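Structure first, commentary second.
Protein chains: 2
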Amino acid sequence: MGTRNPLNMGAAARALSNFGCPHLRVVNPYDVAFREARSAVGAAELLANAEEFGTVAEAVADCGLVVGTTAAGRRELQHELWRLDEGGSEILRQMKAGRVALLFGSEKVGLSNADMSHCHWLMRIPTRAEHGSMNLGQAVAICLYELARVETVSRQKHSALVEDSTNSEARAKSEDIERLTQLLFEVLRASGYVEPRGAGATAEKLRRMVRRMALNAGDAELWLGMLRQVSWKVGGQLKESHTQADRRSIKPDEHS
Amino acid sequence: MGTRNPLNMGAAARALSNFGCPHLRVVNPYDVAFREARSAVGAAELLANAEEFGTVAEAVADCGLVVGTTAAGRRELQHELWRLDEGGSEILRQMKAGRVALLFGSEKVGLSNADMSHCHWLMRIPTRAEHGSMNLGQAVAICLYELARVETVSRQKHSALVEDSTNSEARAKSEDIERLTQLLFEVLRASGYVEPRGAGATAEKLRRMVRRMALNAGDAELWLGMLRQVSWKVGGQLKESHTQADRRSIKPDEHS
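Going down the list, the sequences are from chains Y and X.
The first sequence runs contiguously to residue 377 in my numbering.
The second sequence runs contiguously to residue 377 in my numbering.
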């Protein structure tokens with residue numbers, strides 16, 4: 122997310138390599154030279170293969186769980202906030218069912234509210250209150266360490282036991298969740314629920330709410346079907362002419 | 122230990138500050154400019170107060186336990202080697218009795234055998250074998266995180282069990298969840314989504330789905346507001362005449 126310092130990007134990539142995570146996705150890097158980050162000992166390949174995206178929505182489209190990281194300083198948060206050591210095991214559990222994205226903000230300002238609205242919940246590293254904000258590369262390293270640690274512990278615990286939860290159905294992908302959010306917004310707008318002036322704020326609020334629902338793939342499909350039908354009913358003939366406006370008022374990274 | 126890069130020293134200092142460790146000791150820094158390390162957001166004071174020593178022996182003189190860190194690559198080690206997550210609790214135990222030193226080597230070669238000889242035992246961060254060597258600042262950050270984590274866990278264990286989760290917002294009451302289910306059903310029926318002959322089955326499916334959402338009280342209220350608005354839009358005038366039928370087709374215990 123808008124990383125400014127190629128060194129930090131390099132450090133993040135190195136940590137990914139240290140802990141065996143092959144995928145780095147970059148949203149709107151400030152400095153396109155990040156691929157040459159020199160501090161990235163052993164992580165050149167990972168940097169070269171990093172995927173670039175224009176929006177958070179696109180970057181997390183195929184992920185079933187999106188977790189934002191925050192120092193949780195002054196700002197009031199609209200999300201559930203877990204301590205890293207609490208969130209780690211939940212992340213691992215979800216990783217068995219599908220892709221999980223860990224979202225890190227830029228060095229300067231962290232994640233914006235719009236960025237966070239794509240997250241299911243947030244996580245903080247338990248630093249001390251007086252100096253909570255961490256260096257990006259270090260924050261990435263600590264998160265990956267914690268996941269590796271929890272995985273080792275759980276492997277040891279369950280090594281004899283068979284995998285415990287084949288019944289936990291895969292989480293819906295973020296792209297479907299985002300589509301659902303947009304349809305819901307459209308239905309509400311056509312119903313007069315959305316105040317034109319507050320459209321951006323309502324969109325973010327909906328986005329957070331839908332993610333808190335933690336839908337599995339089947340339920341997301343069910344919702345999409347229901348909303349399509351309602352959408353047709355409430356705004357069938359209006360829809361075409363409003364499509365552009367709808368897109369504008371809820372496009373992924375709008376700040377309002 | 123012979124750190125070469127002021128940036129790394131700065132990153133290490135920042136991590137110390139993040140996790141509330143006030144003491145940085147430096148042995149033979151390669152670059153005396155380390156005190157000006159620019160990346161050390163919020164750690165200027167810590168760097169300014171760092172103590173410099175000429176030898177490891179002097180640096181650890183007043184410590185009761187000295188633990189060396191290593192990637193444990195090719196070298197044959199003469200020490201007991203613990204994984205960080207195993208060593209952490211032992212370190213904390215010793216910290217109650219006296220000072221503990223964590224010893225980090227230089228970026229290039231790590232700790233020499235001579236350096237290690239001052240250690241009681243060694244510790245490694247569980248990175249993957251193919252790329253074990255970590256960036257210095259990241260390694261420091263991970264070690265301190267692990268100590269903070271273990272300390273929190275042990276404090277929680279011993280704190281007489283306070284109530285466990287007042288902070289996770291209260292789940293919505295069943296009556297609100299049921300009202301929400303009914304409204305959703307009503308909206309879907311008015312939209313033509315519900316087939317008359319399959320109404321009972323659809324109602325049950327919806328009821329299960331809504332409960333899987335595990336809504337908290339606030340989100341349930343939000344949903345009720347949205348659905349009321351949509352309901353008014355899709356079936357306002359129809360509603361009165363259908364009330365009876367609606368009730369029948371989604372009453373709580375119907376099996377179809």
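Every residue, glycine too, gets a C-beta built ideally from N, C-alpha and C.
Everything numeric in this text was worked out from a predicted model, so none of it was measured.
In whole angstroms, what is the alpha-carbon distance linking Y:R214 and Y:L243? When the Cα atoms are used, Y:R214 and Y:L243 turn out to be separated by approximately 16 Å.
Whole-angstrom Cβ separation of Y:G189 and Y:L232, contact assumed at under 8 Å? 5 Å
Which residue's Cα is closest to the Cα of X:N337: X:A222, X:A293, X:G185, X:G313? Put simply, of X:A222, X:A293, X:G185, X:G313 the residue whose alpha carbon is nearest the alpha carbon of X:N337 is X:A293.
What residues match up with X:N337 in a beta bridge as DSSP calls it? X:R292
With 8 Å as the threshold, decide whether the Cβ of Y:R332 is near any Cβ in chain X. no
Could you give the distance in angstroms between the alpha-carbon of Y:Y266 and the alpha-carbon of X:A136? 15 Å
The region 255-269 of chain X contacting the region 131-145 of chain Y, beta-carbon criterion three pairs below 8 Å: In short, these stretches touch, since the Cβ pair count reaches three.
Rounded C-alpha distance that separates Y:E211 from X:C184: 38 Å
Sheet register partners of X:V147 (DSSP bridge): X:E173
Is X:T190 close to chain Y, meaning its C-beta is less than 8 Å from at least one C-beta of that chain? no
Taking any Cβ of chain Y, which residues in the region 246-260 of chain X have a Cβ under 9 Å from it, in chain order? I246, P247, T248, R249, E251, H252, G253, S254, M255, N256, G258, Q259, A260
What are the complete beta strand (DSSP E) segments, minimum 3 residues, inside the region 186-253 of chain Y? 186-190, 202-204, 221-224, 242-245
By the three-class DSSP mapping on this structure, what secondary structure does X:M130 have? In the displayed model, X:M130 falls within a helix according to three-state DSSP.
Reduced DSSP secondary structure (H/G/I, E/B, other) of Y:V355: Correct three-state label for Y:V355: helix.
Which residues of chain Y have a Cβ atom closer than 8 Å to the Cβ of X:K354, listed in chain order? A311, S312, G313, V355
Among Y:R156, Y:G356, Y:R349, Y:A165, nearest to X:H379 - alpha-carbon criterion: The structure shown has nothing for residue 379 of chain X, since chain X only spans 122 to 377.
Should Y:V230 be labelled buried (16 or more other beta-carbon atoms within 10 Å of its own) or exposed? exposed
Beta carbon of X:L224, beta carbon of X:D206: below 8 Å? no
Counting only Cβ-Cβ distances shorter than 8 Å, please list the residues of the region 133-147 of chain Y near chain X, keeping chain order. R135, A136, S138, N139, F140, G141
Would X:L186 and X:H241 be called neighbours here (beta carbons separated by less than 8 Å)? yes
Identify, in the order they occur along the chain, each residue of the same chain with its Cβ nearer than 8 Å to the Cβ of X:D374, setting aside the five sequence neighbours on each side. Residue confidence is low: X:D374 scores 44 on pLDDT, short of 50, so the model does not pin down where it sits. No coordinate-derived value is stated.
X:N62 and X:E228 closer than 8 Å at C-beta: As displayed, chain X neither begins before 122 nor continues past 377, which places residue 62 of chain X out of reach and without an answer.
Nearest-angstrom Cα separation, counted from Y:M330 out to Y:R146: 25 Å
Taking only beta carbons into account, state which residues of the region 209-228 of chain X come closer than 8 Å to chain Y, listed in chain order. none
Out of X:A335, X:S238, X:T248, X:G313, which one is the CA nearest neighbour of X:S295? For the residues X:A335, X:S238, X:T248, X:G313, the minimum Cα distance to X:S295 belongs to X:A335.
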